[in-house]
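Asker: Next up is a structure, given as C-alpha cells.
Protein chains in written order, with our numbering: chain A, 45 to 211; chain B, 45 to 211.
In C-alpha cells, the structure reads:
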C-alpha cells in the first residue's frame, strides 16, 4: 500500500478513469456492462451523481485505480452500500484493489452504512472473489450461469455481502 | 385468472399505474424505492425505456395491477431478466399477481431470457415470497437486515431466482 494515495475523483480525472475502466469494459470479462459502451457514457456512469468516486494515484500523479461507492438500493434499502473497483492492468500486484476496498469499507462506516453488497461478482474472476473473501465478504448467493463470459461461456455470478459494525 | 386481461401498458395508462404504484411506494414496506418519490419520477421509472411494462385490466377497463420486465444486468448479464409487480390493494385475492408473474415468465421465454431474478424481496412480505416459491423461484441468497421496514425495523431481503428452460 505504499507508493500511492487514494483521493476523491474530480471531473479532471475523467480521461485517466477512462484509461482504466475502458479496457475492462471492452474486455467484458468481469463487469456486467455493455462492452461497446462509449467513453462518455462509461465515465458518466462511473462518476454518476448517485456515486462517490475515488482514485488511487501514484506519487508521480498517475491514476492506478478507481472505485465508486453508492447506496445499493433506495428507500428502505439505502443503508447498504455497493462499490465497484477497477485497477490499471499494468499496476496489478501492488495491492491497489485491496487498498481501495479497505478505503471503501472505512468510508462506508463513516457514512453510516450498515453493510456492503456486491451484486454481481463473476465467479471466474477468482482473484477478486479471493480478495473480497480475505477482506471479510461472504458469498451469500450464487446466480446460476448468470454471466456470459466471452471466452468461458455461461458462468455463475456471486452475491457477496459484509455487515459493517458500528465503530 | 378470470375477469381481467394482461396487455402492454401505454403512456395513457400512466395515471392508472400511479394509482396502483403510488400507495405501495408511499407505504415503503415492500419495495426499496424512496417513499417520497414524486408521481412523475415513479411513473417514469415504471415505464422506463429499459423496461417492457404491462397492465392487468378488468373487463370494465379498470387497471388492477402492473408489472415490468427488463434485463437485470447489462453486457454479459443481459440474458437474465428482472421484474417488478404491483397490484391494486383493493383487488388482492383475485390472482392478479400470480397471473402477472406467469405472464412475465412466458414473456421472458419468448424474449429468450435464460433466467429471472428478483434482487430484493423483502422477507416480511411473506405473501410475495410464498407466491414466488409456488411459481418456481428459489431463495438463492439472504441479505441480512438489508431492508428498513417502517414498522418492523431492519429485516432481511431475499434474492430469488428461476432458471428458464428453453421451450
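The C-beta atom is built at its ideal place from N, Cα and C for all residues, glycine as well.
List, in order along the chain, the chain B residues whose C-beta lies closer than 8 Å to that of residue 129 of chain A?
Answerer: Along the first chain, read from residue 1 onward, the residue named residue 129 of chain A stands at position 85. Neighbours of residue 129 of chain A on chain B: none; closest Cβ ~17 Å, over 8 Å.
Asker: Using a C-beta to C-beta distance shorter than 7 Å, which residues of chain B count as neighbours of residue 230 of chain A?
Answerer: Outside the shown range of chain A, which is 45 to 211, sits residue 230 of chain A, and nothing can be said about it.
Asker: Can you give me the C-alpha to C-alpha distance between residue 176 of chain B and residue 186 of chain A, rounded to a whole angstrom?
Answerer: Against the second chain, residue 176 of chain B aligns to sequence position 132. Against the first chain, residue 186 of chain A aligns to sequence position 142. Near 18 Å, if we compare the C-alpha coordinates of residue 186 of chain A and residue 176 of chain B.
Asker: So for residue 96 of chain A, helix, strand or coil by DSSP?
Answerer: Within the first chain, the letter at position 52 stands for residue 96 of chain A. Three-state DSSP puts residue 96 of chain A in a strand.
Asker: Assign residue 52 of chain A to one of two classes, buried (16 or more other C-beta atoms within 10 Å of its C-beta) or exposed (fewer than that).
Answerer: By 1-based counting over the first chain, the position of residue 52 of chain A is 8. Result: exposed.
Asker: Can you give the Cα-Cα distance for residue 167 of chain A and residue 180 of chain A, rounded to whole angstroms?
Answerer: Here the question's residue 167 of chain A lines up with position 123 in the first chain. Here the question's residue 180 of chain A lines up with position 136 in the first chain. Their backbone Cα atoms lie some 17 Å apart in a straight line.
Asker: Judging by CA-CA distance, which residue of A:207, A:170, A:165, A:124 is the nearest neighbour of residue 188 of chain A?
Answerer: Locating residue 188 of chain A in the first chain gives position 144, where the first residue counts as 1. It is A:165 whose Cα lies nearest to the Cα of residue 188 of chain A.
Asker: Quick one, are the C-beta atoms of residue 163 of chain A and residue 203 of chain A less than 8 Å apart?
Answerer: Counted from its first residue, the first chain places residue 163 of chain A at position 119. Counted from its first residue, the first chain places residue 203 of chain A at position 159. Yes, Cβ-Cβ distance for residue 163 of chain A and residue 203 of chain A is below 8 Å.
Asker: Please name the residue in B:57, B:173, B:125, B:172 whose C-alpha comes closest to that of residue 153 of chain B.
Answerer: Taking the second chain and counting its residues from 1, the one referred to as residue 153 of chain B is at position 109. For residue 153 of chain B, the nearest C-alpha among the options comes from B:125.
Asker: So that I know if they touch, is there some Cβ in chain A lying closer than 8 Å to that of residue 59 of chain B?
Answerer: Indexing the second chain from 1 puts residue 59 of chain B at position 15. It does not; no Cβ of chain A falls within 8 Å.
Asker: Use the C-beta contact count for residue 104 of chain B: other C-beta atoms within 10 angstroms, 16 or more gives buried, fewer gives exposed.
Answerer: As a first step, residue 104 of chain B is located in the second chain; it is residue number 60 there, counting from the start. It is exposed - the Cβ of residue 104 of chain B has fewer than 16 other Cβ atoms within 10 Å.
Asker: Please list, in chain order, the chain B residues whose beta carbon lies closer than 7 Å to that of residue 117 of chain A.
Answerer: Here residue 117 of chain A is taken as the residue at index 73 of the first chain, counted from 1. Chain B residues near residue 117 of chain A: 76, 164.
Asker: Given a threshold of 16 other Cβ atoms within 10 Å of its Cβ, counted over all protein chains shown, does residue 97 of chain B qualify as buried or as exposed?
Answerer: As a working note, residue 97 of chain B is residue 53 in the second chain. Label assigned to residue 97 of chain B: buried.
Asker: For residue 88 of chain A, count neighbouring Cβ atoms within 10 angstroms of its own Cβ and tell me buried if that reaches 16, exposed if not.
Answerer: Mapped onto the first chain, residue 88 of chain A falls at position 44. Residue 88 of chain A should be labelled exposed.
Asker: Let me know the alpha helix (DSSP H) ranges lying completely inside the stretch 92 to 142 of chain B, each 4 residues or longer, listed in chain order.
Answerer: Those alpha helix (DSSP H) runs which fall completely within the stretch 92 to 142 of chain B and span 4+ residues do not exist here.
Asker: Tell me which residue opens and which closes the beta strand (DSSP E) that residue 207 of chain B is part of.
Answerer: To locate residue 207 of chain B, count along the second chain from 1; it is residue 163. That run of the beta strand (DSSP E) goes 197 to 207.
Asker: Can you look up residue 160 of chain B in the DSSP assignment and give me helix, strand or coil?
Answerer: Your numbering for residue 160 of chain B matches position 116 in the second chain. Three-state result, residue 160 of chain B: strand.
Asker: Is it a yes or a no for the stretch 69 to 84 of chain B touching the stretch 105 to 123 of chain A, going by three-plus beta-carbon pairs under 8 Å?
Answerer: Yes, the stretch 69 to 84 of chain B touches the stretch 105 to 123 of chain A.
Asker: Grab me the residues of residue 50 of chain B's own chain with a C-beta within less than 6 Å of its C-beta, minus the 5 sequence neighbours each way, in chain order.
Answerer: Taking the second chain and counting its residues from 1, one reaches residue 50 of chain B at position 6. Once the five neighbours on either side are set aside, the close Cβ partners of residue 50 of chain B are 98, 100, 147.
Asker: Reducing DSSP to helix, strand and coil, say where residue 78 of chain A ends up.
Answerer: In the first chain, residue 78 of chain A corresponds to position 34, counting from 1. Coil.
Asker: Residues of chain A with a CB under 7 Å from the CB of residue 191 of chain B: which are they?
Answerer: Translated into positions along the second chain, residue 191 of chain B becomes position 147. What residue 191 of chain B touches in chain A: 120, 121.
Asker: Give the DSSP-derived three-state secondary structure of residue 190 of chain B in the structure shown.
Answerer: As a first step, residue 190 of chain B is located in the second chain; it is residue number 146 there, counting from the start. Three-state DSSP puts residue 190 of chain B in a strand.
Asker: Decide if residue 68 of chain B is buried, meaning its Cβ has at least 16 other Cβ atoms within 10 Å, or exposed.
Answerer: Position 24 of the second chain, counted from the first residue, corresponds to residue 68 of chain B. Burial call: buried.
Asker: Residue 144 of chain A and residue 129 of chain A: beta carbons closer than 8 Å?
Answerer: One-based indexing of the first chain puts residue 144 of chain A at position 100. One-based indexing of the first chain puts residue 129 of chain A at position 85. Cβ distance < 8 Å, so residue 144 of chain A and residue 129 of chain A count as in contact.
Asker: Would you kindly check if the distance between the Cβ of residue 58 of chain A and the Cβ of residue 108 of chain A is under 8 Å?
Answerer: By 1-based counting over the first chain, the position of residue 108 of chain A is 64. By 1-based counting over the first chain, the position of residue 58 of chain A is 14. Taking 8 Å as the Cβ cut-off, residue 108 of chain A and residue 58 of chain A do not qualify as a contacting pair.
Asker: According to DSSP, simplified to helix, strand and coil, what is residue 185 of chain B?
Answerer: The count along the second chain starts at 1 and reaches residue 185 of chain B at position 141. Residue 185 of chain B: strand per DSSP, three-state reduction.
Asker: Going by Cα to Cα distance, which pick from B:137, B:138, B:160 is closest to residue 127 of chain B?
Answerer: In the second chain, counting from the first residue as 1, residue 127 of chain B sits at position 83. Considering only alpha carbons, the answer is B:160.
Asker: Residues of chain B with CB under 9 Å from residue 72 of chain A, in chain order?
Answerer: Walking along the first chain from the start, residue 72 of chain A turns up at place 28. Correct list: 119, 120.
Asker: Tell me the rounded alpha-carbon separation between residue 85 of chain B and residue 193 of chain A.
Answerer: The residue you call residue 85 of chain B lines up with position 41 of the second chain. The residue you call residue 193 of chain A lines up with position 149 of the first chain. Answer to the nearest angstrom: the Cα atoms are 35 Å apart.
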